[in-house]
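The sequence shown begins at 12 in this note's numbering and counts up one residue at a time. Cβ atoms here follow ideal geometry from the backbone N, Cα and C, with glycine treated the same way. This report refers to the structure that appears directly beneath it.
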Amino acid sequence: MDETWKLADKFDGRVTITDVKPPVHWTNNFDTMGGDSVWNSDGSVAMNLTNRDLTGTVKPLFGQTGTDMPATLFELNSKHYIYIEGNGFLAEILNPPDHQAITEAINGGDGVWEVLELQNLLNKSPIKLNMASRNWEEVAAEKRQQQTHAISAFNLAELTDVDDKTEHYNSITEIDDLTHLAKEIENGKYSSEDVTKAYISRQTEILFKDALAQARELDAYYTTEGKTKGPLHGIPISLKDQFNVKGHDTTLGYTARSFKPASEDAVLVNMLKKLGAVIICKTNLPQSIMWAETDNPLWGLTENPIIPGYTPGGSSGGESALLYSRGSIAGFGTDLGGSIRMPCNIMGLYGFKPSSCRLPYAGVPVSTEGQEHVPSSIGPLARSMSSIHDITKAIILQEPWTQDCRSIPIPWRQNAYDDILKRKLTIGVIRDDGVVKPHPTIARMIEEAVATLEADGHEVIEWKPDFHAECIEVMDAYFTVDGCEDICRDVEAGGESFIPAVKRLIDRGKPISVFEYWQLNKRKRQLQQAYLEKWNKAISSKTGRVVDALITPTLPHAAVPHNSIKWVGYTKVWNLLDYTALVIPAGRVEPGDLEATMDYEPRNDMDAWNKQLWEENKNDMVQNRLPVDIQIIGRNVEDEKVLAVGKVLDGLLRNR
């Protein structure tokens with residue numbers, strides 16, 4: 012049975028009509044556009060007929076709203092069609108229902124459309140076209156038009172009071188800590204609806220209607236029960252466009268995945284909602300998700316909000332740009348090679364990559380679905396350390412292993428967290444990975460962190476980056492073991508071109524045999540074992556304990572112009588090892604950094620490229636005081652420990 016036909020199953024039987032008169036904006040829109048579009052109930056464009064191989068003038072009959080998936084019935088060339096919002100389902104009705112009943116309902120107000128039994132009446136070959144049969148530019152244009160009209164219609168209908176409440180809304184979005192905001196909601200200072208509107212007024216995505224409905228439900232719960240629903244009650248959360256949200260597309264930046272909405276929420280999304288969070292929007296990511304930039308043919312290039320022409324990082328660059336711009340207070344991304352940590356480094360945010368088994372991945376599609384050799388991690392991005400801690404803890408307390416087979420049953424370990432806060436620490440420091448030398452700002456930031464830790468009585472020891480170059484070599488080989496077939500299938504299904512970075516990835520690798528793949532897995536295990544033994548031998552001469560954590564650069568530079576991030580070895584080595592990693596703000600590019608010299612002979616082409624980046628862009632970096640992060644590393648499943656080290660170091664750096 013056709014997949015799009017299955018989507019209609021839930022609409023068989025009686026369909027209650029709660030709003031049968033075509034809204035005024037429908038009539039206006041049909042007159043203005045010449046009747047070549049079908050419009051959603053909120054006034055946004057549902058689809059353009061020319062993009063569906065249909066021609067003629069649409070005659071709207073009625074719209075049904077007030078349900079999970081509103082529908083539109085319209086007439087075209089003497090045939091009748093139903094269009095269902097949210098999933099883009101369009102089908103011809105072979106035996107139209109009783110038109111007299113419809114007319115009476117339209118003239119008389121609310122009614123019930125009793126005859127629509129879709130299993131019997133719908134054409135078994137819906138008109139929803141395969142994306143491959145459509146020009147990708149048409150698909151992208153339709154998606155962007157849908158987004159634009161949804162934003163405009165929502166702003167007109169729901170945000171009429173923005174000017175009057177600017178100061179009030181700003182007081183909400185200026186709060187960086189989600190627990191602080193949750194407390195203000197609990198105390199009644201802010202309503203969930205006001206918080207949601209405050210963040211919507213800063214955004215550009217299309218989950219607004221659902222978000223505001225969630226917020227109003229939470230306010231009703233608070234009014235009725237006299238308490239909040241959970242620790243995230245009313246907190247606006249953004250999601251990388253990789254997390255399934257029921258009724259909305261998860262495109263991964265591919266045009267072929269457009270107009271194919273998720274049938275259910277991802278496990279993480281469901282948990283967030285149960286905790287009271289409001290899912291407010293989804294954010295941009297790169298084609299394939301396999302790059303440290305945020306660009307795709309569907310949604311385009313995401314800019315750095317600090318300095319135009321520079322990247323916000325990737326692949327969770329939409330999240331980092333939004334958080335910096337105060338479009339949400341916390342969000343979730345994924346990290347396969349630094350995709351949470353690098354964007355946070357570039358925008359001066361907090362980002363956490365837990366061990367891959369701690370937070371639930373079910374319902375989060377990925378380009379290389381099925382690869383398990385280097386599992387991706389889900390993690391939060393935020394504007395405060397306490398936000399990272401609190402939201403991670405809240406999710407783990409929901410016991411994700413009971414809903415996601417990839418999550419292992421490790422409950423939240425408060426003792427491991429508290430132990431770090433009670434004593435002095437032993438920290439290993441990596442100043443340089445031996446492949447690409449960091450820019451002067453990064454080198455200074457590491458030295459300042461070391462000095463700050465030592466001044467507080469913590470021990471810092473040198474950590475040689477043994478095995479790092481080989482770890483990167485294995486990671487790079489893993490990225491192309493299938494010859495990039497998975498990525499190629501998605502891109503070719505939509506017909507769009509490959510962005511240059513993805514094209515280079517595809518050209519680089521050829522598929523390998525199963526035997527060769529096994530040998531690669533053996534090398535990975537050997538490296539993981541070698542690093543485990545290295546860590547076990549790193550014992551403090553003062554305390555007799557092994558090193559608690561490492562500090563390292565996140566990238567060898569701050570933000571750089573688009574398509575200039577080349578070396579991500581400082582982050583992806585920890586993905587191969589599946590170690591825990593956290594990044595926290597550590598400072599900014601300062602005028603004094605210009606006095607430092609990078610007078611050395613580059614070790615390799617990548618090192619030479621990075622050196623050139625500094626020479627060509629250092630004045631812009633200083634002028635804009637671009638932020639940088641420091642990275643904290645712990646061993647596999649030492650997530651609570653790393654969060655505690657982050658709290659210690661963040662407190663020291665902020666109080667310098």
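Item to check | Straight-line gap, proline 451 to methionine 609 (C-alpha atoms, nearest Å) | outcome: 8 angstroms
Next on the checklist: Can you tell me which residues form a DSSP beta bridge with threonine 437?
Outcome noted: Glu470
Checklist entry - When you compare each of Gln623, Ser299 and Gly258 to alanine 267 by their alpha carbons, which one comes out closest? => result Ser299
Next on the checklist: Let me check one thing: in DSSP terms, what residues is leucine 392 bridge-paired to?
Outcome noted: Gly342 and Gly362
Item to check | Inter-residue spacing [alpha-carbon to alpha-carbon] between asparagine 281 and lysine 238 | outcome: 21 angstroms
Checklist entry - So the beta strand (DSSP E) alanine 560 belongs to, where does it begin and stop? => result 560-564
Item to check | tyrosine 180 vs leucine 192 beta-carbon contact at 9 angstroms | outcome: no
Item to check | Opposing strand residues paired with serine 249 [DSSP bridges] | outcome: Cys292 and Gly342
Item to check | Identity of the residues DSSP links to leucine 593 by a beta bridge | outcome: Phe363 and Ile643
Checklist entry - Can you tell me whether asparagine 586 is buried or exposed, with buried defined as 16 or more other CB within 10 angstroms of its CB? => result buried
Next on the checklist: Taking the beta carbon of glutamate 204 as the centre, do at least 16 other beta carbons fall within 10 Å, making it buried, or is it exposed?
Outcome noted: buried
Checklist entry - Using 8 angstroms as the threshold, is the region 321-334 in touch with the region 365-376, meaning 3 or more CB pairs across them? => result no
Checklist entry - According to the neighbour-count rule (16 or more other Cβ atoms, all chains shown, within 10 Å of its Cβ), is glycine 598 buried or exposed? => result buried
Next on the checklist: Please report the straight-line C-alpha distance between isoleucine 317 and glycine 359, rounded to a whole angstrom.
Outcome noted: 11 angstroms
Item to check | Minimum length 3: unbroken beta strand (DSSP E) runs contained in the region 504-590 | outcome: 560-564
Next on the checklist: Does glycine 381 pass the burial test, meaning 16 or more other C-beta atoms within 10 Å, or should it be called exposed?
Outcome noted: exposed
Checklist entry - Under three-state DSSP, which class holds proline 354? => result helix
Item to check | Straight-line Cα distance separating arginine 417 from glycine 325 | outcome: 24 angstroms
Checklist entry - Start and end of the alpha helix (DSSP H) containing glutamine 634? => result 616-634
Item to check | Residue burial classification, valine 150 (beta-carbon count within 10 angstroms, cutoff 16) | outcome: buried
Checklist entry - In this structure, what does DSSP give as the bridge partners for proline 638? => result Arg599
Checklist entry - Nearest to glutamine 158 by CA position, among Gly555, Phe219, Thr190 and Asp188, is which residue? => result Phe219
Checklist entry - Going by beta carbon distance, what residues of the same chain come within less than 7 angstroms of leucine 167, once the five residues before and after it are set aside? => result Annotation note: pLDDT 46 at leucine 167 (below 50); position unreliable, no value reported.
Next on the checklist: In chain order, what are the residue ranges of uninterrupted alpha helix (DSSP H) at least 4 long that sit wholly in the region 370-418?
Outcome noted: 396-407
Checklist entry - What separation, rounded to the nearest whole angstrom, lies between the Cα atoms of lysine 435 and valine 571? => result 36 angstroms
Item to check | Neighbourhood of lysine 404 by C-beta, 6 angstroms cutoff - its chain only, sequence neighbours within 5 removed | outcome: Trp423
Item to check | 9 angstroms Cβ cutoff met for valine 485 and arginine 534 | outcome: yes
Item to check | C-beta contact flag for tyrosine 361 and leucine 392 at 9 angstroms | outcome: yes
Item to check | C-alpha gap between aspartate 661 and serine 350, whole angstroms | outcome: 21 angstroms
Checklist entry - Out of Ile196, Met353 and Val659, which has the shortest C-alpha to C-alpha gap to glutamate 330? => result Met353
Next on the checklist: Please state whether the Cβ-Cβ distance between valine 594 and aspartate 640 is less than 9 angstroms.
Outcome noted: yes
Checklist entry - Distance, Cα to Cα, glutamate 178 vs histidine 400? => result 29 angstroms
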